[in-house]
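Worksheet: one structure, shown below.
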Amino acid sequence: VTMEMKDSGSVVLTAYHPHSPARIPGVEQGFVQDIPPSHSPASRKSLSRCRRINRMLSNESVPPAFSRSNSQASVDSTSMEDFWCEVESIKESREDGSEEAMLSEFKPADEGELEAEWLQDVGLSTLISGAEEEDGQALLSTLTRTQAAAVQKRYNTYTQTLRKKNKHTVRDVRDIFGTSDSSPTFETVPVSPVSPNGIQLPGQKPVWKSVSSKSCLDCGIDKGSPSITEELSYDVSFSESITVLPKTQEWPKNQRFKKEDSALPKFVVRRSRFGLTEVGDLSAEDMKKIRYLSLIELAAFYDALGVELKRNRAERVRGRENGLFGVPLTVLLENDQKKVPGVKVPLIFQKLLLKLEETGLETEGILRVPGSASRVKNLHQELEAKFYEDTFDWDQVRNNDAAGLLKTFIRELPSPLFTVEYLPAFITLVEKISKIKLQLQALHLLIMLMPEANRDTAKAFLQFLKKVVANEGKNKMSLWNVSMIVAPNLFIYKGKRANQQEMQAAATTAHIVRLLIRYQDILWTVPSFLISQVRKMNEAAMNSKRQLMFDKGVRKLLRRKTMERERPERPEGAVTFPYLQSDIPEGVIRVYAPLHSKVSMAIQLNGQTKAKDILARFHCENSRGSSQNVRGQIQSLHEIGGNIGQHCLDPEAFMLDVYRANPHAEWVIKPKAT
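Quick note on numbering: our numbering labels position 404 of the sequence shown as 387, and the sequence is numbered without any gaps.
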């Protein structure tokens, strides 16, 4: 059944229940007021109405209202009761005016315009403008075969659309990439053969084996987990490793989710010799390139699976420019950074999470049992007036009311936390991809391409939800319970054109949230194949600049030779390039520690030297001379410059391998950015 619930603020909620028979008359009138006490008569009335709606929705004797996809997932109707009650609660909060309807403007777009936006989003605007930009050429030079095919496919669609419209002369791709075939190809980076680390060739079927090692990032199930653990390799791109799957693969029909936590497989990511890299370990400039590459890889991954990668057109958001609720995340952070420099998660969001972590994790039904609508509304207004003045009394806030404020903050964001452009991609990864491992890989790329503010805020939220689930014994909130409550707050978008595609199935969105919570440590780890591509991209850009500088130097020298009979000696103090000459022997690095008493040290590397060994040596040498403040800080070894912007190294990284990958880097010990 499709339920469209409309209010005076032009808010449209669209939801689909997998067992739904047909539209239920009177559902729109079936909402009651949100009363906090769980044992009050009104509360029991609301709960019983939720159950009646679920029984009506689960009547399978009537044919479905519309055809669902082959992999449309479903669960028993009683397990979705919390979801539909949460939808009712959201509806009530909007009807009573406690939430403002921040509307977004959409404009219809044809396929060519969407592809043009995609090319711009992946950093290839040069293909549209015609300019020969160094960054665009560097990016193209790093693409794998499947990634290049994905770019080529979308560029062809863009040019064909423009030719039909006869807007202007479009350059032929053969002129851009120097190919003579009518089906142009990009120069791609070959995939390396199998290494001692166990990297899979794309032409071979991956073999998943049971592993048990401390060298893995473990992100599995705490109790009742399956006996077999799957090892994930991030050394080869997802799209390359999936090309062996048959193109005509049929997805299982009527796939059903099992709500038990033990139904989720256990995954581990084995550390390569370079260690693991978290999102915050790379510089902002390199993460921007990771985003470009992730979007290209996502398109290639969906293409390899034969799944259409749908996206909404980027919307123009009309949000508030000040305040706390209904303010775009970027604006909110700009305001917060004036108060706390460098903050990455909005202060109000952090405070709500802290309040709940301190007093609410053991509260029974936390997140599920609603707070008082009138109290939440009053607290909402009081926070707007007093939060930045530090005069708000947090002791007066009850746990369920704090949970209500937290969910209100998320719902009132002018753009969804997981971005309106790729909400369809989140839904598709479950509806069209049956294997959880493949779902996880698609979800991983979607996280990588999120804007920084959204990704950091989502991470803080998911870390809190993980703590809620960890206290299930006292709060009675399992992973599935939490996922059902959170899903409608994240995936029911309140723009003018909220539609069925944004919210097709309750079970689908709940399953996505479940994956986000369970595997968040994996999802916020940057795949090593993307880091390798960033290194290649930076090297290509450096070589281009170096060649440009060389050409300028040659022209200058030729002009000088026309004026002088003899070539002058190299003047004293001339600029030199440290990466072209070095007085440091092979395999020896000089490590700098500006906050320590001994600020530098030359260290001979061998095949077993790890980053943590270098840190331990500095700690030993400086245990007496360093200040108490420095000794109390957690220090990390950073790789800076060369073919990377800045990279906080995993303590388990083997330094000789990192050094050989980036011999021109500097090595600095300093506190890790948080």
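The C-beta atom is built at its ideal place from N, Cα and C for all residues, glycine as well.
- Taking the C-alpha atoms as reference points, what is the distance between Gly468 and Ala385? For the record, residue 468 in the displayed sequence is Ile; it is not Gly. If you take the alpha carbons of Ile468 and Ala385, they lie about 15 angstroms apart.
- Return the chain-ordered list of same chain residues with a C-beta closer than 8 angstroms to the C-beta of Lys653, the five sequence neighbours on each side being excluded. Ala576, Pro577, Leu578, Gln618, Ser619, His621
- Message: Can you give me the C-alpha to C-alpha distance between Arg643 and Tyr217, rounded to a whole angstrom?
- Response: 20 angstroms
- Message: DSSP has Leu265 in a bridge; who is on the other side?
- Response: His630
- Query: Between His630 and Leu265, which are expected to be in contact by the criterion C-beta below 8 angstroms, what is the C-beta distance as a whole number of angstroms?
  - Reply: 6 angstroms
- Item | Residues of its chain near Ala99, where Cβ-Cβ distance is below 8 angstroms and the 5 sequence neighbours each way are ignored | Ile111, Tyr141
- For Leu462, count neighbouring C-beta atoms within 10 Å of its own C-beta (all shown protein chains included) and say buried if the count is 16 or more, exposed if not. buried
- Query: Where does Tyr405 sit, in a helix, a strand or coil, going by DSSP?
  - Reply: helix
- Which residues bound the beta strand (DSSP E) around Ile211? Ile211 -> no beta strand (DSSP E), and no H or E assigned at all.
- Query: Is Pro324 buried or exposed, if buried means 16 or more other CB atoms sit within 10 Å of its CB?
  - Reply: exposed
- Query: Grouping DSSP H, G and I as helix and E and B as strand, with all else coil, what is Gln379?
  - Reply: helix
- Where do the ends of the beta strand (DSSP E) carrying Ile586 lie? 583 to 587
- Query: Taking DSSP as the reference, what is the three-state secondary structure of Thr508?
  - Reply: strand
- Query: Is the stretch 402 to 419 touching the stretch 306 to 314 in the sense that three or more CB pairs, one from each, lie closer than 8 angstroms?
  - Reply: no
- Query: Pick from Pro399, Ala453, Phe512, Ser527: whose alpha carbon is nearest that of Ala470?
  - Reply: Pro399
- Item | As assigned by DSSP and simplified to three states, the class of Gln55 | Confidence is the limiting factor: at Gln55 the pLDDT is only 39, short of 50, which leaves the residue's position unreliable and the question unanswerable from this model.
- Three-state secondary structure assigned by DSSP to Gln422: helix
- Quick one: grab the DSSP three-state call for Leu350. coil
- Message: Using only CA atoms, which one of Arg303, Arg351, Val134 lies nearest to Leu281?
- Response: Val134
- For Phe66, which residues from the same chain have a beta carbon less than 7 angstroms from its beta carbon, with the 5 sequence-adjacent residues on both sides left out? Met467, Ala470, Pro471, Ala489, Ala493
- Determine the burial state of Gly289: buried for a count of at least 16 other Cβ atoms within 10 Å of its Cβ, exposed for fewer. exposed
- Classify Val571 as buried or exposed, calling it buried when 16 or more other Cβ atoms lie within 10 Å of its own Cβ. exposed
- Would you mind working out which of Ser108, Lys272, Gly590 sits nearest Glu635, comparing C-alpha positions? Gly590
- Would you mind reading off the limits of the beta strand (DSSP E) that contains Lys653? 649 to 654
- Query: By the 10 Å Cβ neighbour count, where 16 or more other Cβ atoms means buried, how is Asp269 classified, buried or exposed?
  - Reply: buried
- Contact set for Leu102: own chain, Cβ-Cβ below 7 angstroms, skip 5 residues either direction: Ser108, Leu110, Ile111, Arg137, Tyr138, Tyr141
- Going by other Cβ atoms of all chains shown within 10 Å of its Cβ, with 16 needed for buried, is Lys148 buried or exposed? exposed
- Ser224 to Leu122 span [Cα, whole Å]: 21 angstroms
- Query: Out of curiosity, what's the CA-to-CA distance linking Arg480 and Lys293?
  - Reply: Summary for Arg480: the model assigns pLDDT 43, below 50, so the residue's position carries little reliability; its value from the coordinates is reported in the next sentence. Answer to the nearest angstrom: the Cα atoms are 16 angstroms apart.
- Task: Could you check how far apart the C-beta atoms of Val359 and Leu388 are, in whole angstroms? I think they sit under 8 angstroms.
- Result: 6 angstroms
- In angstroms, rounded to a whole number, what distance separates the CA positions of Ile597 and Ile586? 8 angstroms
- Message: Quick check on Leu632: buried or exposed, where buried means 16 or more other Cβ atoms within 10 Å of its Cβ?
- Response: buried
- Could you have a look at Leu366 and say whether DSSP puts it in helix, strand or coil? helix
- Item | Where Tyr575 falls: helix, strand or coil (DSSP) | strand
- Would you call Asn458 buried or exposed, if buried means 16 or more other Cβ atoms sit within 10 Å of its Cβ? buried
- Message: Could you tell me the alpha carbon to alpha carbon distance between Thr127 and Gln516, rounded to whole angstroms?
- Response: 9 angstroms
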